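J.:
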Amino acid sequence: MFEARLLKSSILKKVLEAIKDLLTQATFDCDDNGIQLQAMDNSHVALVSLLLRADGFDKYRCDRNVTMGMNLGSMTKILKCAGDKDTVTMKAQDNADTVTFVFESPNQEKVSDYEMKLMNLDLEHLGIPETEYSCTIRMPSAEFARMCRDLSQFGESIVISCTKEGVKFSTSGDIGSANIKLAQTASIDKEDEAVIIEMDEPVTLTFACQYLNYFTKATSLSPQVQLSMSADVPLVVEYRIPDIGHIRYYLAPKIEE
Amino acid sequence: VERQDLMKEFYPEL
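Following this line, the structure appears as structure tokens:
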């Protein structure tokens, strides 16, 4: 038996919003520790890794490991049926071929359940080693979203260059070029609004704008985003979801040939 | 010409 209850369905709605442009289907792996999802996008240049810890749920029970292959389009349709203040419970029997979503309004006057067929997905899982990155940049997630949106008007790629002076985001295209420089926040009063740069070695890497824009669909999950970079390895864009877990996006850098 | 590597070129398949 698997049962996971969240007081706010909005978290699950936002998680789905954050992955549905990249993935059409995904496997939710549930065990004692919580719910995990790892999947590559169709073109296999980006990877999404989601963790929702068991202790972040209002109620969590998982007697046996459960693997639920879900069509994210169908899941989106179902979650649209939940009010933002509704609680949501996901339930599945052991070895079941369906999952049930139960939505309850705050006053318990409306209870709805939606059963969805599960899919047998044969998806590749990649082993991502614990990595020490040369640069990590923390910044307000809304600022990162704004920059990606602004720069993607000019070019298809964004060059991210991190040095001890700060971090520079650049692009160029038919109409011209654009550069945005961010310096580390001088005095941190509000952590959510700070830009914090940790750099062991300077790094410059190029990434596809389109994917960075997909990642920023997670903005509403967290006030801050963390970018981790090392030479010649994928960028990690991490949104920490308060009290429950994180969503991480990995993106392979572009390479000049 | 820019090329984009695949995830699998960086991380091993489990």
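Taken in order, these protein sequences are the chains called A and B.
So the first sequence is numbered by this note's numbering: it starts at 1 and just counts up by one.
So the second sequence is numbered by this note's numbering: it starts at 1001 and just counts up by one.
Just so it is clear, CB atoms sit at the ideal spot from N, CA and C, and this is done for glycine as well.
From a predicted model like this one, the values you see are computed outputs, not experimental measurements.
Quick one: measure Cβ to Cβ for A/ASP29 and A/LEU16, integer angstroms, because I've assumed they're closer than 8 Å.
T.: Not a contact, Cβ separation roughly 16 Å.
J.: Got a sec: does the ligand PLP put a non-hydrogen atom nearer than 8 Å to the Cβ of A/ASP192?
T.: Of ligands this structure carries none, so the ligand PLP is not represented either.
J.: Taking C-beta to C-beta, are A/ALA4 and A/CYS62 nearer than 9 Å?
T.: Closer than 9 Å, so yes.
J.: What is the DSSP secondary structure of A/CYS62, reduced to helix, strand or coil?
T.: In this structure, A/CYS62 counts as strand in the three-state DSSP scheme.
J.: Determine the contact status of A/MET116 and A/PHE103, defining contact as a CB-CB distance below 9 Å.
T.: Not closer than 9 Å, so no.
J.: Going along chain B in order, which residues have a C-beta closer than 8 Å to the C-beta of A/ILE137?
T.: Per Cβ cutoff of 8 Å: no residues; A/ILE137 is ~20 Å from chain B at best.
J.: Return the Cβ separation of A/LEU251 and A/VAL45 in integer angstroms, given the expectation that the two are a contact with Cβ distance under 8 Å.
T.: The pair is a contact, with the Cβ atoms about 7 Å apart (cut-off 8 Å).
J.: Quick one: is A/ILE19 near chain B, going by C-beta distance under 9 Å?
T.: No, A/ILE19 lies away from the interface with chain B (no Cβ there is under 9 Å from its Cβ).
J.: Taking Cβ-Cβ distances below 9 Å as the criterion, which residues of the region 228-248 of chain A are in contact with chain B?
T.: Answer in chain order: ASP232, VAL233, PRO234.
J.: Using DSSP's beta-bridge definition, name the partner residues of A/PRO140.
T.: Bridge partners of A/PRO140: A/GLN224.
J.: So what does DSSP say about A/ILE188, is it helix, strand or coil?
T.: A/ILE188 falls in the coil class under three-state DSSP.
J.: For A/LEU47, decide whether its Cβ has a neighbour in chain B, counting only Cβ atoms nearer than 9 Å.
T.: Yes, A/LEU47 lies at the interface with chain B (some Cβ there is under 9 Å from its Cβ).
J.: Residue ranges of each beta strand (DSSP E) run of no fewer than 3 residues wholly in the region 138-180 of chain A, ordered along the chain?
T.: Here the runs fully enclosed are 157-163, 166-173.
J.: What are the boundary residues of the beta strand (DSSP E) that A/GLY34 is part of?
T.: Start and end: 34-40.
J.: Kindly indicate the opening and closing residues of the beta strand (DSSP E) around A/PHE101.
T.: Here the beta strand (DSSP E) through A/PHE101 covers 98-104.
J.: So which of A/TYR133, A/SER43, A/ASP31, A/ASN42 has the shortest CA-CA distance to A/SER230?
T.: With distances taken between Cα atoms, A/SER230 lies closest to A/TYR133.
J.: What does DSSP give as the partner residues of A/PRO29 in its beta bridges?
T.: The question names Pro, yet the displayed sequence has Asp at residue 29 of chain A. According to DSSP, A/ASP29 bridges with A/GLN36, A/THR67.
J.: Taking just the CA atoms, how far does A/LYS14 sit from A/GLU308?
T.: The displayed coordinates of chain A run from 1 to 257. Any statement about residue 308 of chain A would go beyond what the structure contains.
J.: If you pair each beta-carbon of the region 43-59 of chain A with each one of the region 68-82 of chain A, do three or more pairs fall below 8 Å?
T.: They do not touch, by the three-pair rule.
J.: Quick check: the Cα distance between A/PRO106 and A/VAL66, rounded to an integer number of angstroms?
T.: So the two alpha carbons sit approximately 29 Å from each other.
J.: Taking the Cβ atom as the reference point for each residue, do A/LYS91 and A/PHE2 lie within a distance shorter than 9 Å?
T.: Yes, the pair counts as a contact, with Cβ atoms nearer than the cut-off.
J.: Please state the DSSP three-state secondary structure of A/CYS81.
T.: Looking at A/CYS81 - three-state DSSP - the assignment turns out to be coil, as it is neither helix nor strand.
J.: Does the pairing of the region 141-151 of chain A with the region 120-132 of chain A give three or more beta-carbon distances under 8 Å?
T.: Too few Cβ pairs lie closer than 8 Å, so no.
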